[in-house]
Amino acid sequence: MTAAWMRDPNTSQVWQVAGNLAAYSNSETEDEGSTNVTGLAVNAYRTSGFKDWWVVNSGTTGNSSRVNSLYTVTAATDGSTGWVMNSQDGVTKTIRLATASSDRLAATYNLSGLSQAYLRFGLSPNLQDLMIRGQAALAVTSPSASRINVANVSNSGTIRASVQVSSDASNPGNSSSINTTATDTDGLTTFSTINMRNQAQTQQVEVALIGEGPHMVTLGFDDGIDTPNPDSDADGLLDSWENSNFGNLSQTASGDPDSDGVGNFIEMKLGSNPNSSFSNGLPVPSVSGLTPAGFTITFPTVSGLNYQVVGIENLAGTNWPNIGNSITGDGQPQSVTDSSATNSPRKFYKVKISTP
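Given below as C-alpha cells:
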C-alpha cells in the first residue's frame, strides 16, 4: 500500500494519513534493501503500509526478499470486499475494507512454512500539517503490546493512525506484537531523532508475527476519540462473540469451523454455537393445510438476515424454485403463501437463509 487518505463525511475534509509520496524524490521505485543502497547509504527512505520486510523460515533462516517480492493479487472469495495477496514463498495476506465508510483496513496473515514475519507501516497523520510544522506534534501512545497510536494535533483537529495486532492462540506458537525495539539505520548515518522517526514526516511502526497464523493486523484512522468499537477487526463479527466462542478475533464472517454448512455470521445472528454442528439455531417453519389460496409457510426471522422460501413437489428433483420474494428479517414471524400449490396433492418446502 503506497499511501492512504481519510475523509471526514461531515466536513468533506481529506487528510493523507499514511505514506509520503513527496519523500520518494531520490528513487523512482518502491524497491528496498540492497537495490536501494549505494555503498552504505540508503537512496530513499519511505514506508507506507503492510510492507513485509523480513521473514524467518522454519529452519530459523532469515530472508528480506519480501520487501521487493511481486505478489499475485486476486479478489477475495469469502464474501468480503478485499484482496488476497500471495508471495512466492509462503506469505498470504488478505486485506479487507469492511464497508465504504469503514475507518480501518484489516489484514489476515498466514505464513506457510515460515516461523516469523516482520512488517512495517509509515504513518503520517495529516501529512500537510507535518510538512508545515514538522513532527513535533506527533504523539505516540501504546495502550497495549498489541496496539500503537500515532496522533497529530493541529489547529484543524486531531488526526490519529493506529496499528493493532492479534493472533489465533488456538494454534500453538502463535503470537503477535508491536515491535517497540525496532530501529531503522543504514549502516552509514547516525540519526539524532526519536526512534523510528528518521523518515520525513513519517512515524514508522513495526509488527512482529510469530507462528504460521492466522494473524490479524488492523490499520485504522480516526479523530483521536476513543469510542468502544464492537467489531475492531471489521469482519462483521462482534469482538465479544468471537472472543467468547474462539478466544481470539481470527475468524471470518463466512467461516464454518464446525462444518455444519452455516457460516459464522448466520450462527452469530441465530444465537447458535459455531463450534457444534448439533447447534445451528436454524428456524423451524410451519406449513398450513391446503386452502384455495395455496399452502402458507410461516417461520421466525432475525434482523439482519434474508429469507427465501423454496419448494418442490418431488424430492427426486434437484431444482427448488423460489416461492415469493426474498424477505428481510425483522425479528418477527413472516409468512409466504404458495399460490402455485392450489392443485398440488403435496409439496415440500425449505427456507434458505443468507446474509444481505
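The numbering used here puts the first residue of the sequence shown at 406, with every later residue one more than the last.
For each residue, glycine too, the CB sits at the ideal point set by N, CA and C.
Note that the coordinates shown come from a computational prediction; the quantities given were computed from them, not determined experimentally.
Limits of the unbroken beta strand (DSSP E) element including residue i
{"i": "glutamate 611", "result": "608-615"}
{"i": "aspartate 779", "result": "With the chain covering 406 to 761 only, the question about residue 779 has no answer from this structure."}
{"i": "arginine 552", "result": "552-559"}
{"i": "lysine 755", "result": "753-759"}
{"i": "proline 548", "result": "543-549"}
{"i": "asparagine 730", "result": "727-733"}
{"i": "glycine 641", "result": "Here glycine 641 belongs to no beta strand (DSSP E), and DSSP marks it neither H nor E."}
{"i": "threonine 632", "result": "Taken as a continuous stretch (DSSP letters only), threonine 632 belongs to no beta strand (DSSP E), as it is neither H nor E."}
{"i": "glutamine 713", "result": "711-717"}
{"i": "valine 478", "result": "477-480"}
Host alpha helix (DSSP H) of residue i (start-end)
{"i": "tryptophan 646", "result": "644-651"}
{"i": "asparagine 669", "result": "669-675"}
{"i": "methionine 411", "result": "First-last for methionine 411: 409-412, but that is the beta strand (DSSP E), not the alpha helix (DSSP H)."}
{"i": "leucine 535", "result": "532-538"}
Anticipated Cβ contact below 8 Å, residue i with residue j, distance rounded
{"i": "serine 571", "j": "leucine 654", "result": "5 Å"}
{"i": "glycine 783", "j": "leucine 519", "result": "Residue 783 is absent from the model: the chain starts at 406 and stops at 761."}
{"i": "aspartate 640", "j": "aspartate 508", "result": "No, aspartate 640 and aspartate 508 are not in contact; Cβ-Cβ is about 14 Å, not under 8 Å."}
{"i": "phenylalanine 683", "j": "valine 692", "result": "Not a contact, Cβ separation roughly 25 Å."}
{"i": "valine 612", "j": "valine 568", "result": "6 Å"}
{"i": "tryptophan 725", "j": "lysine 755", "result": "6 Å"}
{"i": "alanine 428", "j": "alanine 605", "result": "4 Å"}
{"i": "proline 530", "j": "valine 422", "result": "5 Å"}
Outcome for residue i when other beta-carbon atoms lying within 10 angstroms are tallied against a minimum of 16
{"i": "lysine 757", "result": "exposed"}
{"i": "leucine 543", "result": "buried"}
{"i": "leucine 426", "result": "exposed"}
{"i": "proline 761", "result": "exposed"}
{"i": "glycine 616", "result": "buried"}
{"i": "tryptophan 410", "result": "exposed"}
{"i": "leucine 445", "result": "exposed"}
Nearest-angstrom Cα separation, counted from residue j out to residue i
{"i": "serine 677", "j": "glycine 736", "result": "16 Å"}
{"i": "threonine 546", "j": "glycine 666", "result": "43 Å"}
{"i": "alanine 511", "j": "serine 664", "result": "25 Å"}
{"i": "serine 637", "j": "glutamine 739", "result": "33 Å"}
{"i": "tyrosine 514", "j": "leucine 614", "result": "9 Å"}
{"i": "aspartate 589", "j": "serine 551", "result": "21 Å"}
{"i": "leucine 524", "j": "serine 759", "result": "36 Å"}
{"i": "serine 575", "j": "proline 662", "result": "12 Å"}
Where residue i sits in the DSSP three-state scheme
{"i": "isoleucine 564", "result": "strand"}
{"i": "leucine 502", "result": "strand"}
{"i": "serine 581", "result": "strand"}
{"i": "leucine 426", "result": "helix"}
{"i": "serine 745", "result": "helix"}
{"i": "phenylalanine 683", "result": "coil"}
{"i": "phenylalanine 511", "result": "Going by the sequence as given, residue 511 is alanine instead of phenylalanine. In the structure shown, alanine 511 sits in a strand (DSSP, three-state: E or B)."}
{"i": "isoleucine 702", "result": "strand"}
{"i": "threonine 696", "result": "strand"}
{"i": "aspartate 627", "result": "strand"}
{"i": "glycine 527", "result": "strand"}
{"i": "glutamine 421", "result": "strand"}
{"i": "valine 622", "result": "strand"}
{"i": "methionine 490", "result": "strand"}
{"i": "glycine 467", "result": "strand"}
{"i": "leucine 516", "result": "strand"}
{"i": "glutamine 737", "result": "coil"}
{"i": "alanine 522", "result": "strand"}
{"i": "glutamine 604", "result": "strand"}
Residue-chain proximity (residue i, chain E), Cβ-Cβ < 8 Å
{"i": "lysine 752", "result": "The structure shown contains no chain E; it is built from a single protein chain."}
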